[in-house]
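**Student:**
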Ligand SMILES: [Zn+2]
């Protein structure tokens, strides 16, 4: 909230009320009737009291804790994006921010970043027009256990160390309604905020009829200089682009600029191997990347040699969803590890397959960053809230005959790619695992519906035509 602007607005309103009050009184007192004079005298007294009351309320209102942004101008960020920045201290004090969604808005993205990146930030509720609860999380940023989550549209916990974000609409069943919204949040030990903002995307044409492009910044920390050369010379604008376009284009989405950034030797030494559970290392790798990128409206991908963890490490990870337009954001990047997929003749993995899996990982993590969830989690018990992504439930899939090898799957309390098969969503980009046998990977219509509304997807510009 812009405190100064609110002050000015309040004073002007008070002056306007005083003026109209004087005019009324003067015309009324010109009457000669005695009774009328007594009546009007008491009336005048009453009016002055009322006036004082109104002025007191109007003048003191700006000083009460509020995150009301109705008087704050939206600032234009791009032809289809506008932003409102909230007053950080007022937001923390009140525990919420409020904003107005207009009929032309197709989405809103709200984020909170703590001044101290080690402080936990948690979104605890979203109230829509008519005070409808869209999302509630019963936890607090000081608890080890967050939740429980109550929502008809997601079961995600929107919380992280450093910053938290939320994106609406979450599913096509619930398009963004115009009106007033309130997003409630909590910071660990009431930590102060560095940044909190709402980003609104609008579209002059119906958004579902317009081509939308995703720009990607790829920052690479890798010790193998030859591998990096190949990536720069052919892979990025070759195999990676081809795979990404193959998944996006059926939905009238595509890839715009792919920009490559190479980490310095010092940064390579620091970040080529990343411990998935080391928040400080992850955050500093992301900040190292963000400090050097030129295009702010792009998916920021940190690609390192290896992401490791005690139990093996993964191909990639991301916030769900991540913070935007903030070069100091702790969680503003998605991560992927190159050695998660390497050519292996015994496994039948050639370079083209490895490239495809890397590109799919990039889009998988990018999908999370833009708020998409796994259609089915590995436990086969929790699913996304999109109605056109297959559900692979544990009861009917665990231990099933492997669709690919024809072998009996293992009853181990987890669903696998082969147990689920295509009918169970193993070929979906957001499937929790992902093996090359199910390529080419796909997005569902509803996943694409969500992505095209996200601020990272942008309309075409004249610069895209060449
Ligand atoms: Zn995932």
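Numbering (this note's numbering), first residue to last: 29 to 494.
Glycine is no exception: its CB is placed at the ideal position from the N, C-alpha and C atoms.
Residue 347 by DSSP, collapsed to three states: which one?
**Tutor:** Residue state, collapsed to three classes: coil.
**Student:** Measuring CB atoms only, is the stretch 353-367 touching the stretch 338-345, in the sense that at least three cross pairs come out at less than 8 Å?
**Tutor:** Judged by Cβ distances under 8 Å, the stretch 353-367 makes contact with the stretch 338-345, as three or more pairs qualify.
**Student:** Run through the stretch 351-405 for me and flag every whole alpha helix (DSSP H) of 4 or more residues, listed as ranges in chain order.
**Tutor:** Runs found: 379-397.
**Student:** Between the Cα of residue 121 and those of 188, 317, 197, 215, spot the shortest distance and give me the residue it belongs to.
**Tutor:** For residue 121, the nearest C-alpha among the options comes from 215.
**Student:** Whose CA, out of 205, 225, 220, lies closest to the CA of residue 193?
**Tutor:** Taking only the C-alpha atoms, the option nearest residue 193 is 225.
**Student:** Can you tell me which residues form a DSSP beta bridge with residue 487?
**Tutor:** 240.
**Student:** May I ask whether a heavy atom of ligand 1 can be found less than 7 Å away from the beta carbon of residue 386?
**Tutor:** Incorrect: residue 386 has no Cβ contact closer than 7 Å to ligand 1.
**Student:** Report the three-state DSSP secondary structure of residue 476 (helix, strand or coil).
**Tutor:** Note: residue 476 maps to helix in three-state DSSP.
**Student:** Judging by CA-CA distance, which residue of 126, 108, 138, 304 is the nearest neighbour of residue 132?
**Tutor:** Ranking the options by Cα distance to residue 132, first place goes to 108.
**Student:** What does the shell around ligand 1 hold, if a residue joins when its beta-carbon is under 6 Å from any heavy atom?
**Tutor:** After applying the 6 Å Cβ criterion, the set is 392, 396, 402, 460.
**Student:** Here's a check: name, in chain order, each residue in its chain whose Cβ is nearer than 7 Å to the Cβ of residue 191, leaving out the five neighbours to either side.
**Tutor:** Answer for residue 191: 139, 140, 141, 142, 149, 351, 357, 358, 359, listed in chain order.
**Student:** In three-state DSSP terms, what is residue 299?
**Tutor:** Here residue 299 sits in helix by DSSP.
**Student:** Under 8 Å, do residue 327 and residue 400 count as touching if we go by C-beta distance?
**Tutor:** Cβ atoms of residue 327 and residue 400: not closer than 8 Å.
**Student:** Tell whether a beta-carbon distance below 8 Å holds between residue 231 and residue 238.
**Tutor:** For residue 231 and residue 238, yes; Cβs fall inside 8 Å.
**Student:** What residue from 175, 416, 332 has the CA that sits closest to residue 456's CA?
**Tutor:** Considering only alpha carbons, the answer is 416.
**Student:** Residue 203 to residue 179, Cα distance in whole Å?
**Tutor:** Going from the Cα of residue 203 to the Cα of residue 179 covers about 15 Å.
**Student:** Kindly give me the distance between the Cβ atoms of residue 315 and residue 248, rounded to whole angstroms, as I take these residues to be in contact under 8 Å.
**Tutor:** About 16 Å; that fails the 8 Å criterion.
**Student:** Look up residue 178 in the DSSP assignment and give the residues it is bridged to.
**Tutor:** Per DSSP, 164.
**Student:** Does the stretch 156-173 come close enough to the stretch 446-454 to have 3 or more Cβ pairs within less than 8 Å?
**Tutor:** Judged by Cβ distances under 8 Å, the stretch 156-173 makes no contact with the stretch 446-454, as fewer than three pairs qualify.
**Student:** In three-state DSSP terms, what is residue 441?
**Tutor:** Here residue 441 sits in coil by DSSP.
**Student:** Could you round the C-beta distance between residue 212 and residue 136 to whole angstroms and report it? I think they count as a contact, below 8 Å.
**Tutor:** About 15 Å; that fails the 8 Å criterion.
**Student:** Under 8 Å, with one C-beta from each stretch per pair, do the stretch 382-389 and the stretch 457-471 reach the 3-pair mark?
**Tutor:** Short answer: they touch.
**Student:** How is residue 317 classed by DSSP in three states: helix, strand or coil?
**Tutor:** Three-state result, residue 317: helix.
**Student:** Can you tell which of 439, 220, 218, 153 has its C-alpha closest to the C-alpha of residue 408?
**Tutor:** Measuring from the Cα of residue 408, the nearest candidate turns out to be 439.
**Student:** Alpha carbon to alpha carbon, how far is residue 221 from residue 100? Give it in angstroms, no decimals.
**Tutor:** Computed Cα separation, rounded: 19 Å.
**Student:** For residue 119, I'd like the list of residues in its chain whose CB is within less than 7 Å of its CB, leaving aside the five on either flank, ordered along the chain.
**Tutor:** Excluding positions up to five away in sequence, the list reads 95, 125, 221, 224.
**Student:** Which residue wins for smallest C-alpha separation from residue 349, given the options 187, 153, 171?
**Tutor:** Of the candidates 187, 153, 171, the one whose C-alpha sits nearest the C-alpha of residue 349 is 187.
**Student:** When the Cα atoms are used, what is the spatial distance from residue 251 to residue 362?
**Tutor:** Taking the straight line from one Cα to the other gives about 20 Å.
**Student:** What number of angstroms, rounded off, separates the C-alpha of residue 280 from the C-alpha of residue 234?
**Tutor:** Distance between the alpha carbons of residue 280 and residue 234 is about 13 Å.
**Student:** Contact check, residue 264 vs residue 286 under 8 Å by CB: the rounded distance?
**Tutor:** Confirmed, Cβ separation roughly 5 Å.
**Student:** According to DSSP, which residues form a beta bridge with residue 283?
**Tutor:** According to DSSP, which records beta bridges pairwise, residue 283 is partnered with 242.
**Student:** Which word fits residue 300, buried or exposed, when buried means at least 16 other C-beta atoms lie within 10 angstroms of its C-beta?
**Tutor:** Buried, since its Cβ has 16 or more Cβ neighbours within 10 Å.
**Student:** Within this structure, are the beta carbons of residue 199 and residue 481 separated by less than 8 Å?
**Tutor:** Against a cut-off of 8 Å, the Cβ pair of residue 481 and residue 199 comes out as no contact.
**Student:** To which residues does DSSP link residue 196 through a beta bridge?
**Tutor:** The partner list for residue 196 (beta bridge, DSSP) reads 136.
**Student:** Terminal residues of the continuous alpha helix (DSSP H) containing residue 188?
**Tutor:** Residue 188 -> not in any alpha helix (DSSP H); beta strand (DSSP E) instead, spanning 187-189.
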